[in-house]
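Participant:
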Amino acid sequence: MSATATSSGFVSTQALGHLPPLQRDTLQAWGCGAVNPLPYTYIHQAFEAHAAAAPEEIAARWLDQSISYRQLNRQANRLAAHLIEQGVVPGDSVALFVERSIPMLVGMLAVLKVGAAYVPQDARITPPAQLAMILESLSSKVVLTLSGFKDRLPLAADQPCVCLDEFLVQAPWLAEEADPNVAVTRPGDLCFVLFTSGTTGRPNGVRVTHRNVCNVLLTAPGNLGMRPGMIVGQILNIAFDMAAWEILGCLAHGATLHIRTQDIGQTARLCHVLIATPSILGTLDPQQCPDLETVAVAGEPCPQALADRWAAHCVFYNGCGPTETTIVNTLHRHTPGAPLTIGTPTPNNTVYVLDEHGRACAPGEVGEMWAGGDGVTAGYLNNPLLTAQRYRPDPFLGAGRMMFRTRDLGRWTDSGALEHLGRVDDQVKVRGFRVELDAVSTTLEACGSCSRAVALKFDSQHLVAFVTPASANVPAARQYCAQRLAYYCVPALIFAVENLPLTARGKIDKTLLLQWARDSVEGQQLALQEGGRP
Numbered sequence: 013m014s015a016t017a018t019s020s021g022f023v024s025t026q027a028l029g030h031l032p033p034l035q036r037d038t039l040q041a042w043g044c045g046a047v048n049p050l051p052y053t054y055i056h057q058a059f060e061a062h063a064a065a066a067p068e069e070i071a072a073r074w075l076d077q078s079i080s081y082r083q084l085n086r087q088a089n090r091l092a093a094h095l096i097e098q099g100v101v102p103g104d105s106v107a108l109f110v111e112r113s114i115p116m117l118v119g120m121l122a123v124l125k126v127g128a129a130y131v132p133q134d135a136r137i138t139p140p141a142q143l144a145m146i147l148e149s150l151s152s153k154v155v156l157t158l159s160g161f162k163d164r165l166p167l168a169a170d171q172p173c174v175c176l177d178e179f180l181v182q183a184p185w186l187a188e189e190a191d192p193n194v195a196v197t198r199p200g201d202l203c204f205v206l207f208t209s210g211t212t213g214r215p216n217g218v219r220v221t222h223r224n225v226c227n228v229l230l231t232a233p234g235n236l237g238m239r240p241g242m243i244v245g246q247i248l249n250i251a252f253d254m255a256a257w258e259i260l261g262c263l264a265h266g267a268t269l270h271i272r273t274q275d276i277g278q279t280a281r282l283c284h285v286l287i288a289t290p291s292i293l294g295t296l297d298p299q300q301c302p303d304l305e306t307v308a309v310a311g312e313p314c315p316q317a318l319a320d321r322w323a324a325h326c327v328f329y330n331g332c333g334p335t336e337t338t339i340v341n342t343l344h345r346h347t348p349g350a351p352l353t354i355g356t357p358t359p360n361n362t363v364y365v366l367d368e369h370g371r372a373c374a375p376g377e378v379g380e381m382w383a384g385g386d387g388v389t390a391g392y393l394n395n396p397l398l399t400a401q402r403y404r405p406d407p408f409l410g411a412g413r414m415m416f417r418t419r420d421l422g423r424w425t426d427s428g429a430l431e432h433l434g435r436v437d438d439q440v441k442v443r444g445f446r447v448e449l450d451a452v453s454t455t456l457e458a459c460g461s462c463s464r465a466v467a468l469k470f471d472s473q474h475l476v477a478f479v480t481p482a483s484a485n486v487p488a489a490r491q492y493c494a495q496r497l498a499y500y501c502v503p504a505l506i507f508a509v510e511n512l513p514l515t516a517r518g519k520i521d522k523t524l525l526l527q528w529a530r531d532s533v534e535g536q537q538l539a540l541q542e543g544g545r546p
């Protein structure tokens, strides 16, 4: 629950009125995160405090380069002054089309110091057409990039462009000790804008505020115990919301950011804190990472076996939350062998499990998760219609607060934790029956020989599935499913592969897998599973 709403619980129980009083009280207690104050209003203030307190500590390492907190702050101040000269003003959104690097950090911090929001994209892999659509939506024409990418960017002839690597070597470390005196006074000001794939083919820009970011990064457990002297890995795509967890979380707590190159495993072996998707974490061996103290995963469902393996090695958090609720809005510290959940609401946040009529589901009942509190972002950039569709007035907190429809299915367990049951989008119809794809995947992962699994709808009559590793016992996996699932839930074909392909953001690439399945059965009829009905 938000600290700015009420510390006594929900301000409205109308959506709970159909439940018995004891269940109403229980859901109110479970659905509200702790009320915690925030030490800073803006996330870069936390970084500046560490730059003042321990200026010679190393802020980041990349390749054979390193930069101290003093140097990083000075360079960000110098660039901020240049951005102001270029016409960037508080409230602007500024393109940051770069790759993982120390200049990237300077660009991020400089934009924040001006009072603007940075808009990150990995210029190595983002198609120019998508970059062009993003540029069209931004208020500032200034583009921050690296010299190696300038020629592939869709820039107008007169568009101001700053190549960060060139800017940083134009002059020696200038004594820009003073932080810019910019009139930024509202925690609701934007921190960054993250573009997600849109259903219309145009990406949607999620407006993330400083309040949103500070709320998850400056409170426990979202701070992941980061502190001076620790090394935090930066392994994720910079356009992914979890990259802000790595980068800003590290710099806000005085730790050292280790920016990876190509070898994720090499970075993981050097770190104390690692943030990843389950698909990325599944490629790593805990025994090769002796210094890791804390690991957090989110972005996609985590297999129980993966959570058990890592929780036996270090502190392991499983989280959940779409970009629109700021990185994660639930976290669970997992114990090996215990049921894996997504935990409880993080501080100053709320979660509601609602039915199709907007009423709270009783404990144990499956519904759709809605998110409230200080993690709810400010809507979509230049798209009030879509914002109105997906963000709704929060009937529980009231006071003009908004809640977001996550489209994640879930339920409250008897212990007051949230169990993630897949996406609304993953509920498909096969042979006229509703099937939850996530339940099929989970069953396959429990069969013994499969470490990862993903089930997909092939057509109106059939499911297919991919499992790892390539040595998985496919007949045994199919039999395991047939013994536990309805006939229409058993995949018609199961493909065993060594590794599941990942998207640029480290999630399983389901589109590519479905294409693989179509290619493999082209020219032949898809066989029904043994014992299945036509």
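Offset between the sequence shown (1-based) and my numbering: plus 12. Heads up, the beta-carbon is just placed ideally off N, CA and C, and yes, glycines get one too.
(1) With contact counted as at least three CB pairs below 8 Å, one residue from each stretch, are the stretch 54-62 and the stretch 263-279 in contact?
(2) Expressed to the nearest angstrom, what Euclidean distance is found between the alpha-carbon atoms of H94 and L156?
(3) Check for me: the beta strand (DSSP E) holding S105 runs from which residue to which?
(4) Looking only at its own chain, which residues have a Cβ that is under 7 Å from the Cβ of A88, when we skip the five neighbours before and after it?
(5) Just the C-alpha distance for I276 and S159, rounded to the nearest angstrom, thanks.
(6) Taking the C-alpha atoms as reference points, what is the distance between A529 and P240?
(7) Looking at the C-beta of N249, does it have a partner C-beta in chain D at a distance below 8 Å?
(8) Determine, using beta carbons only, whether E111 and D134 come nearer to each other than 8 Å.
(9) In the DSSP assignment, the beta strand (DSSP E) including Q77 goes from what residue to what residue?
(10) Buried or exposed: which applies to D614, given that a residue is buried once 16 or more other Cβ atoms fall within 10 Å of its Cβ?
(11) DSSP on T342, reduced to helix/strand/coil?
(12) Measure the alpha-carbon distance for L497 versus V365 and round it to whole angstroms.
(13) Which runs of the beta strand (DSSP E) at least 3 residues long sit entirely within the stretch 223-256? Give them in chain order.
(14) Return the CA-CA distance between A92 and L180, expressed in angstroms with no decimal places.
(15) With T221 and D201 assumed to form a contact (beta carbons below 8 Å), what rounded beta-carbon distance in angstroms separates them?
(16) State the Cα-Cα distance for the pair A27 and N360, rounded to the nearest angstrom.
(17) Got a sec? Which residues, its chain only, sit under 8 Å from T515 by beta carbon, not counting five neighbours each side?
(18) Can you name, in chain order, every residue of its own chain whose Cβ lies under 6 Å from the Cβ of Y329, other than the five neighbours on each side?
(19) Starting from C203, follow the beta strand (DSSP E) in both directions and report where the run begins and ends.
(20) Considering only DSSP beta bridges, list what Q133 is partnered with.
(21) Roughly how many whole angstroms lie between the Cα atoms of A288 and G294?
(22) Hey, A141 and P102: beta-carbon distance below 8 Å or not?
(23) If you draw a straight line from the C-alpha of G331 to the C-alpha of P513, how long is it?
(24) Cutting at 8 Å between CB atoms, please list the residues of its own chain near L524, excluding the five before and the five after it.
(25) F470 bridges to which residues according to DSSP?
(26) Closest by CA to Y499, which one among P375, R446, G460, V486?
(27) Can you say whether T347 is buried or exposed, counting buried as having 16 or more other CB atoms within 10 angstroms of its CB?
(28) Work out the CA separation of G422 and N511 for me, nearest whole Å.
(29) Expressed to the nearest angstrom, what Euclidean distance is found between the alpha-carbon atoms of R272 and V442?
(30) May I ask which residues mark the beginning and end of the alpha helix (DSSP H) holding D320?
(31) Closer than 8 Å by C-beta to T358: which residues in its own chain qualify, once you throw out the five before and the five after it? Chain order, please.
(32) Do T208 and I247 have their C-beta atoms within less than 8 Å of each other?
(33) Tell me whether D104 is buried or exposed, calling it buried when 16 or more other Cβ atoms sit within 10 Å of its Cβ.
(34) Does the structure place the stretch 28-47 close enough to the stretch 368-377 that three or more beta carbon pairs sit under 8 Å?
(35) H30: buried (16+ other C-beta within 10 angstroms of its C-beta) or exposed?
(36) Could you please give the first and the last residue of the uninterrupted beta strand (DSSP E) stretch that includes P49?
Facilitator: Taking the coordinates as given:
(1) Yes, the stretch 54-62 touches the stretch 263-279.
(2) Along the sequence shown, read from residue 1 onward, the residue named residue 94 stands at position 82. Along the sequence shown, read from residue 1 onward, the residue named residue 156 stands at position 144. Roughly 12 Å between the two C-alpha positions.
(3) As a working mapping, residue 105 is identified with position 93 in the sequence shown. In the DSSP assignment, S105 falls within the unbroken beta strand (DSSP E) covering 105-110.
(4) Here residue 88 is taken as the residue at index 76 of the sequence shown, counted from 1. Only V118, L121, A122, K125 meet the Cβ criterion.
(5) Taking the sequence shown and counting its residues from 1, the one referred to as residue 276 is at position 264. Taking the sequence shown and counting its residues from 1, the one referred to as residue 159 is at position 147. Whole-angstrom Cα-Cα distance: 25 Å.
(6) Taking the first residue of the sequence shown as 1, we reach residue 529 at position 517. Taking the first residue of the sequence shown as 1, we reach residue 240 at position 228. About 48 Å.
(7) The displayed structure is made up of one protein chain only, and chain D is not part of it.
(8) The residue given as residue 111 occupies position 99 in the sequence shown. The residue given as residue 134 occupies position 122 in the sequence shown. In this structure, E111 places its C-beta atom within 8 Å of the C-beta atom of D134.
(9) Numbered from its first residue, the sequence shown carries residue 77 at position 65. Element bounds for Q77: 77-80.
(10) Examination of residue 614 is not possible in this model, given that the chain is present from 13 through 546 alone.
(11) Residue mapping note: residue 342 aligns to position 330 of the sequence shown, counting from 1. Assigned with DSSP and collapsed to three states, T342 falls in strand.
(12) As a working mapping, residue 497 is identified with position 485 in the sequence shown. As a working mapping, residue 365 is identified with position 353 in the sequence shown. One C-alpha to the other measures close to 25 Å.
(13) For secondary structure counted as the beta strand (DSSP E) over 3 or more consecutive residues, the stretch 223-256 holds these complete runs in sequence order: 243-246.
(14) Residue mapping note: residue 92 aligns to position 80 of the sequence shown, counting from 1. Residue mapping note: residue 180 aligns to position 168 of the sequence shown, counting from 1. Rounded to the nearest angstrom, the two C-alpha atoms are 12 Å apart.
(15) Taking the first residue of the sequence shown as position 1, residue 221 is located at position 209. Taking the first residue of the sequence shown as position 1, residue 201 is located at position 189. Contact holds; Cβ gap of about 6 Å.
(16) To locate residue 27, count along the sequence shown from 1; it is residue 15. To locate residue 360, count along the sequence shown from 1; it is residue 348. Distance between the alpha carbons of A27 and N360 is about 20 Å.
(17) As a working mapping, residue 515 is identified with position 503 in the sequence shown. Once the five neighbours on either side are set aside, the close Cβ partners of T515 are D521.
(18) Working through the sequence shown from its first residue, we reach residue 329 at position 317. Excluding residues up to 5 positions away in sequence, A308, L343, R345 lie with their Cβ nearer than 6 Å to the Cβ of Y329 in the same chain.
(19) One-based indexing of the sequence shown puts residue 203 at position 191. In the DSSP assignment, C203 falls within the beta strand (DSSP E) that extends over 202-208.
(20) One-based indexing of the sequence shown puts residue 133 at position 121. Within the DSSP bridge table, the entry for Q133 names F109 as partners.
(21) Here residue 288 refers to the residue found at position 276 of the sequence shown. Here residue 294 refers to the residue found at position 282 of the sequence shown. Straight-line Cα distance between these residues: approximately 10 Å.
(22) Taking the sequence shown and counting its residues from 1, the one referred to as residue 141 is at position 129. Taking the sequence shown and counting its residues from 1, the one referred to as residue 102 is at position 90. Not closer than 8 Å, so no.
(23) Position 319 of the sequence shown holds residue 331. Position 501 of the sequence shown holds residue 513. Rounded to whole angstroms, G331 and P513 show a C-alpha spacing of 22 Å.
(24) Counting from one through the sequence shown, the residue named residue 524 turns up at place 512. P513, listed in sequence order.
(25) Here the question's residue 470 lines up with position 458 in the sequence shown. BP columns for F470 are empty, so no partner.
(26) Here residue 499 refers to the residue found at position 487 of the sequence shown. Of P375, R446, G460, V486, the smallest CA-CA separation from Y499 is found for R446.
(27) Against the sequence shown, residue 347 aligns to sequence position 335. The residue in question, T347, is exposed, as its Cβ has fewer than 16 Cβ neighbours within 10 Å.
(28) Counting from 1 along the sequence shown, the entry for residue 511 is found at position 499. Counting from 1 along the sequence shown, the entry for residue 422 is found at position 410. Separation of N511 and G422 (C-alpha to C-alpha, rounded to the nearest whole angstrom) is 28 Å.
(29) Numbered from 1 along the sequence shown, position 260 holds the residue referred to as residue 272. Numbered from 1 along the sequence shown, position 430 holds the residue referred to as residue 442. The alpha-carbon atoms of R272 and V442 are separated by roughly 43 Å.
(30) Sequence index remark: in the sequence shown, residue 320 carries index 308 (1-based). Per DSSP, D320 belongs to the alpha helix (DSSP H) from 316-323.
(31) Counting from one through the sequence shown, the residue named residue 358 turns up at place 346. Annotation for T358: G45, N227, V228, T231, P233, G234, V340, N341, T342, L343, G387 place their beta carbon closer than 8 Å to its own, counting only its chain and skipping 5 residues before and after.
(32) Here residue 208 refers to the residue found at position 196 of the sequence shown. Here residue 247 refers to the residue found at position 235 of the sequence shown. Taking 8 Å as the Cβ cut-off, T208 and I247 do not qualify as a contacting pair.
(33) Locating residue 104 in the sequence shown gives position 92, where the first residue counts as 1. Buried: at least 16 other Cβ atoms inside 10 Å.
(34) Taking one beta carbon from each stretch, the stretch 368-377 and the stretch 28-47 have 3 or more pairs nearer than 8 Å; the two touch.
(35) By 1-based counting over the sequence shown, the position of residue 30 is 18. Exposed, by the Cβ-count rule.
(36) For the purposes of this step, residue 49 is taken as residue 37 along the sequence shown, with counting starting at 1. Boundaries cannot be given for P49, as no beta strand (DSSP E) includes it and DSSP labels it neither H nor E.
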